[in-house]
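When we follow our numbering, the leftmost residue of the sequence shown carries the number 34, and every step to the right adds one. All C-beta atoms in this analysis are idealised placements derived from N, C-alpha and C, irrespective of residue type, glycine included. All of these numbers come straight from a predicted model, not from anything done at the bench. Before any comments, here is the structure.
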Amino acid sequence: MTSISDSQIILALISACITSILAVRLGFELYR
Numbered sequence: 034m035t036s037i038s039d040s041q042i043i044l045a046l047i048s049a050c051i052t053s054i055l056a057v058r059l060g061f062e063l064y065r
């Protein structure tokens with residue numbers, strides 16, 4: 034098992050935030 038570096042954790046958090054924001058915006062556009 035290789036230890037996950039801090040940069041990989043930060044990249045994963047940023048990508049998760051971006052995908053969640055895109056999903057919320059897409060949901061608002063669909064509800065209109």
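Rounding to the nearest angstrom, what Cα-Cα distance links residue i and residue j in this structure?
i, j, result
"S53", "F61", "12 Å"
"R58", "I51", "11 Å"
"L46", "S36", "17 Å"
"L63", "S38", "38 Å"
If we define contact as Cβ-Cβ less than 8 Å, is residue i a contact residue for chain C?
i, result
"I51", "Among the chains of the structure shown, chain C does not appear; only one protein chain is present."
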